[in-house]
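Peer 1: Keeping their order, the protein sequence lines are chains A and B. Count along the first sequence from 1, then add 35; that gives the number in our numbering. Count along the second sequence from 1, then add 35; that gives the number in our numbering. Before we start, here is the structure in question, set down as structure tokens.
There are 2 protein chains.
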Amino acid sequence: MSHMGYRRLMAVDRDHVLRSAAALLTRKSTATMDEVAKAAGISRATLHRQFSGRDALVRALESLGIAECEAALDAARLADGPAADAARRLIREIEPAAGLLAFLYTENQLFEGEQQNAGWARIDERIAELFRRGQADGTFRIDLSPGWLTEALYGLLAAASWAVCEGRVAPRDFTHMTAELLLGGALRREEP
Amino acid sequence: MSHMGYRRLMAVDRDHVLRSAAALLTRKSTATMDEVAKAAGISRATLHRQFSGRDALVRALESLGIAECEAALDAARLADGPAADAARRLIREIEPAAGLLAFLYTENQLFEGEQQNAGWARIDERIAELFRRGQADGTFRIDLSPGWLTEALYGLLAAASWAVCEGRVAPRDFTHMTAELLLGGALRREEP
DNA sequence: CCCATGTGAGACATCTTTGTCTCATCACGG
DNA sequence: CCGTGATGAGACAAAGATGTCTCACATGGG
């Protein structure tokens with residue numbers, strides 16, 4: 036079964052390379068292919084054998100980010116239960132991918148071409164649908180559009196990811212900080 | 036007074052170049068010096084006569100961003116009146132600089148060297164102080180740290196700036212969307 | 001009118017990154 | 001033990017961006 040062994044080894048390496056690249060590019064978005072290779076513990080030649088170029092690497096990271104987002108959306112079961120709880124589940128599930136998302140969020144090269152990945156539109160729509168549901172049942176305020184709430188979620192995820200990366204926020208507070216600010220804001224609530 | 040005239044012309048050109056560069060780099064952070072020059076309506080030679088290199092240009096943009104932030108902080112009079120109103124004033128005053136701030140926010144090259152501009156620390160401190168004041172007088176919740184609220188403000192400003200830039204949010208809604216989400220969050224408030 | 005100064009256009013070398021190639025080595029299975 | 005295939009190291013050229021230079025032009029003041 037050398038064929039299976041070959042396939043499995045490749046898959047593991049590819050995933051490891053992608054994760055390393057995501058972690059590095061999150062911190063330094065202008066990292067060289069050589070730095071990416073070193074971060075993954077491989078040579079530049081091998082990196083080039085798996086991703087034919089920097090563009091292919093970024094596209095693969097985009098696909099990975101989309102896949103992780105959709106997995107988080109599935110795991111969060113946005114249609115179940117109160118909308119606020121669903122939003123908290125979503126943030127908790129998406130946290131491991133927040134760094135990658137923050138990198139892709141600022142890689143505006145991905146969105147300037149006329150051929151942008153349709154996965155983002157699907158994800159946007161699913162998140163916006165959650166906010167729409169919450170607005171319809173009176174949970175969420177209606178003066179903030181679902182589209183803006185979606186953008187704000189991305190922005191807060193990126194901000195929290197960078198704040199954790201630079202040590203300004205403890206990693207264990209990530210979910211609470213992000214979810215509470217998105218849902219409840221900075222103002223103190225009156226005790227009912 | 037040719038000397039004064041010379042100085043004045045230089046200042047005007049320099050400011051125009053900086054604003055053009057900020058507007059362009061906000062949309063495409065990897066723009067070439069040639070593109071920056073064209074966007075400002077000057078040649079690459081003249082651009083290079085005013086900013087000795089790309090690094091000098093970015094540093095000048097950083098200084099401009101810091102100056103505009105501090106001007107906004109002054110104009111917002113953060114120490115006056117209710118903390119929530121002060122935060123709204125701050126967002127309103129800082130809105131014109133949000134695009135530039137968003138660019139500098141992602142230019143992590145500015146923050147990796149051991150010699151980073153101390154202006155950011157001053158600005159962070161002034162904003163955090165506002166949130167501390169609001170927490171002390173019971174206006175803001177205390178389970179979100181002033182540091183995180185400051186980071187969240189940056190993240191929301193950047194998200195709103197990009198959302199406006201790409202047409203997903205109307206420019207006139209910028210202040211309301213950002214301020215209301217930061218302060219009140221997505222959850223609907225009970226009518227008192 | 002003449003000259004000084006700022007500017008644009010372009011040439012040129014340099015540097016970095018990238019894409020491609022070759023070759024030696026190493027691991028693994030037959 | 002031997003061959004196959006992946007890998008690492010390095011050389012190499014191509015491409016792009018940048019820094020620097022020269023030269024022509026135009027504008028404005030003396």
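Cβ coordinates follow ideal geometry from the N, Cα and C atoms, glycine included.
Using the beta-carbon of each residue, which ones in chain A are nearer than 9 Å to R176 (chain B)?
Peer 2: Taking the first residue of the second sequence as position 1, residue 176 (chain B) is located at position 141. Near R176 (chain B) (Cβ distances below 9 Å), the residues of chain A are E215, G219, G220, A221, L222, R223 and R224.
Peer 1: What does a CB cutoff of less than 6 Å around A198 (chain B) pick up in its chain, not counting 5 residues either side in sequence?
Peer 2: Your numbering for residue 198 (chain B) matches position 163 in the second sequence. For A198 (chain B), where only same-chain residues beyond five positions count, the Cβ hits under 6 Å are V204.
Peer 1: Taking the alpha carbon of T210 (chain B) as the point to measure from, which residue in B:M68, B:H83 and B:D120 has its own alpha carbon closest?
Peer 2: Residue mapping note: residue 210 (chain B) aligns to position 175 of the second sequence, counting from 1. Of the listed residues, the one whose Cα sits closest to T210 (chain B) is B:D120.
Peer 1: Would you decide whether Q151 (chain B) is buried or exposed? Buried here means 16 or more other CB atoms lie within 10 Å of its CB.
Peer 2: Taking the second sequence and counting its residues from 1, one reaches residue 151 (chain B) at position 116. Result: exposed.
Peer 1: My output table needs one value for F146 (chain A): the three-state DSSP class, helix, strand or coil.
Peer 2: In the first sequence, residue 146 (chain A) corresponds to position 111, counting from 1. Looking at F146 (chain A) - three-state DSSP - the assignment turns out to be helix.
Peer 1: Taking beta-carbon pairs under 9 Å, can you tell me which members of the region 144-155 of chain B lie near chain A?
Peer 2: So the list reads Q144, F146 and E147, given in the order they occur along the chain.
Peer 1: In chain order, which continuous runs of the alpha helix (DSSP H) of length 4 or greater are located wholly inside the region 91-167 of chain A?
Peer 2: You should have 118-129, 133-141 and 144-147.
Peer 1: For the candidate residues B:L217, B:A95 and B:R49, whose alpha-carbon lies nearest to that of A194 (chain A)?
Peer 2: Here residue 194 (chain A) refers to the residue found at position 159 of the first sequence. Of B:L217, B:A95 and B:R49, the residue nearest in Cα terms is B:L217.
Peer 1: For F86 (chain B) and chain A, any beta-carbon pair shorter than 9 Å?
Peer 2: Here residue 86 (chain B) refers to the residue found at position 51 when the second sequence is read from its first residue. Closer than 9 Å: no.
Peer 1: Let me know the secondary structure DSSP gives L188 (chain B) once reduced to three states.
Peer 2: Taking the second sequence and counting its residues from 1, the one referred to as residue 188 (chain B) is at position 153. Reduced to three states, the DSSP call for L188 (chain B) is helix.
Peer 1: Please return the same chain residues whose Cβ sits closer than 8 Å to the Cβ of L74 (chain A), not counting the five positions on each side in sequence.
Peer 2: Counting from one through the first sequence, the residue named residue 74 (chain A) turns up at place 39. Reading the sequence as shown, one finds Ala at residue 74 (chain A) and not Leu. So the list reads S55, A56, A58, L59 and A66, once near-sequence residues are dropped.
Peer 1: Going by Cα to Cα distance, which pick from B:L135, B:I129, B:L222 and B:R161 is closest to R94 (chain B)?
Peer 2: By one-based count along the second sequence, residue 94 (chain B) stands at place 59. Of the candidates B:L135, B:I129, B:L222 and B:R161, the one whose C-alpha sits nearest the C-alpha of R94 (chain B) is B:L135.
Peer 1: So which residues of chain A does T141 (chain B) contact, with C-beta pairs closer than 8 Å?
Peer 2: Indexing the second sequence from 1 puts residue 141 (chain B) at position 106. Those are S64 and T141, listed as they occur along chain A.
Peer 1: Report the partner residues of L222 (chain A) according to the DSSP bridge assignment.
Peer 2: Reading the first sequence from its first residue, position 187 is the one you call residue 222 (chain A). Looking at the DSSP assignment, L222 (chain A) forms a beta bridge with B:F175.
Peer 1: So D178 (chain B) and E160 (chain A) are supposed to be a Cβ contact under 8 Å. How far apart are they, rounded?
Peer 2: The sequence position of residue 178 (chain B) within the second sequence is 143, counting from 1. The sequence position of residue 160 (chain A) within the first sequence is 125, counting from 1. Not a contact, Cβ separation roughly 32 Å.
Peer 1: Distance cutoff 9 Å, beta carbons only. Does H211 (chain A) sit that close to anything in chain B?
Peer 2: Working through the first sequence from its first residue, we reach residue 211 (chain A) at position 176. Yes, contact with chain B.
Peer 1: Does any residue of chain A have a CB that is nearer than 9 Å to the CB of D208 (chain B)?
Peer 2: The residue labelled residue 208 (chain B) in the question sits at position 173 within the second sequence. Judged by the 9 Å Cβ criterion, D208 (chain B) is in contact with chain A.
Peer 1: Whose Cβ in chain B lies nearer than 8 Å to the Cβ of E186 (chain A)?
Peer 2: Numbered from 1 along the first sequence, position 151 holds the residue referred to as residue 186 (chain A). Going along chain B in sequence order, the residues near E186 (chain A) (Cβ under 8 Å) are A194, A195, W197, A198, R203 and V204.
Peer 1: A132 (chain A) to L139 (chain A), Cα distance in whole Å?
Peer 2: Indexing the first sequence from 1 puts residue 132 (chain A) at position 97. Indexing the first sequence from 1 puts residue 139 (chain A) at position 104. The alpha-carbon atoms of A132 (chain A) and L139 (chain A) are separated by roughly 11 Å.
Peer 1: If L145 (chain B) sits next to E70 (chain B), beta carbons under 8 Å apart, how far is it from one beta carbon to the other, in whole angstroms?
Peer 2: Against the second sequence, residue 145 (chain B) aligns to sequence position 110. Against the second sequence, residue 70 (chain B) aligns to sequence position 35. Incorrect: roughly 20 Å between the Cβ atoms, too far for contact.
Peer 1: Using a Cβ-Cβ cutoff of 7 Å, what residues of the region 114-143 of chain B are near chain A? List them in chain order.
Peer 2: Cβ contacts with chain A: A119, T141 and N143.
Peer 1: Does S180 (chain A) get closer than 9 Å to chain B when you measure Cβ to Cβ?
Peer 2: Here residue 180 (chain A) is taken as the residue at index 145 of the first sequence, counted from 1. Yes, S180 (chain A) lies at the interface with chain B (some Cβ there is under 9 Å from its Cβ).
Peer 1: For a contact defined as C-beta to C-beta under 8 Å, what are the partners of L191 (chain A) on chain B?
Peer 2: Start at 1 with the first residue of the first sequence, and residue 191 (chain A) comes out as number 156. Correct list: A187, G190, L191 and A194.
Peer 1: For the alpha helix (DSSP H) that contains T81 (chain B), what are its first and last residues?
Peer 2: Working through the second sequence from its first residue, we reach residue 81 (chain B) at position 46. First-last of the alpha helix (DSSP H) with T81 (chain B): R79 to Q85.
Peer 1: Are the beta-carbon atoms of A221 (chain A) and F175 (chain B) separated by less than 9 Å?
Peer 2: To locate residue 221 (chain A), count along the first sequence from 1; it is residue 186. To locate residue 175 (chain B), count along the second sequence from 1; it is residue 140. A contact, by the Cβ cut-off of 9 Å.
Peer 1: Give the secondary structure of K63 (chain B) by DSSP, where H, G and I count as helix, E and B as strand, and everything else as coil.
Peer 2: Walking along the second sequence from the start, residue 63 (chain B) turns up at place 28. Here K63 (chain B) sits in coil by DSSP.
Peer 1: Leaving out the 5 sequence neighbours to the left and right, which residues in its chain are closer than 6 Å to T141 (chain B) when beta-carbon positions are compared?
Peer 2: For the purposes of this step, residue 141 (chain B) is taken as the residue at position 106 of the second sequence. Cβ neighbours of T141 (chain B) beyond the five flanking positions: none.
Peer 1: Nearest CA to the CA of D208 (chain A): which residue from B:L191, B:L53, B:M68 and B:S180?
Peer 2: Along the first sequence, one-based indexing puts residue 208 (chain A) at 173. Looking at the Cα atoms, B:S180 is the closest of the given residues.
Peer 1: I need the DSSP call for R54 (chain B), collapsed to helix, strand or coil.
Peer 2: Walking along the second sequence from the start, residue 54 (chain B) turns up at place 19. Residue state, collapsed to three classes: helix.
Peer 1: Step through the CB atoms of chain B and report whether any lies within less than 9 Å of the CB of G169 (chain A).
Peer 2: Counting from 1 along the first sequence, the entry for residue 169 (chain A) is found at position 134. Closer than 9 Å to some Cβ of chain B, the Cβ of G169 (chain A) qualifies, so yes.
Peer 1: Listing by chain order, which chain A residues have their CB less than 7 Å from the CB of E100 (chain B)?
Peer 2: Position 65 of the second sequence, counted from the start, is the residue given in the question as residue 100 (chain B). Position check: residue 100 (chain B) holds Gly in this sequence, whereas Glu was assumed. Residues of chain A passing the Cβ test: none, with the nearest at roughly 17 Å.
Peer 1: Using the three-state DSSP reduction, which class does E201 (chain A) fall into: helix, strand or coil?
Peer 2: Residue 201 (chain A) sits at position 166 when you count from the first residue of the first sequence. Residue state, collapsed to three classes: coil.
Peer 1: In angstroms, rounded to a whole number, what distance separates the CA positions of A108 (chain B) and G182 (chain A)?
Peer 2: In the second sequence, residue 108 (chain B) corresponds to position 73, counting from 1. In the first sequence, residue 182 (chain A) corresponds to position 147, counting from 1. A small correction: the amino acid at residue 108 (chain B) is Leu; Ala does not occupy that position in the sequence shown. When rounded, the distance between both Cα atoms is 29 Å.
Peer 1: Within its chain, find whatever has a CB closer than 8 Å to the CB of A153 (chain B); leave out the 5 residues flanking it on each side and keep chain order.
Peer 2: Stepping through the second sequence from its first residue, residue 153 (chain B) is reached at position 118. No residues qualify anywhere along the chain.
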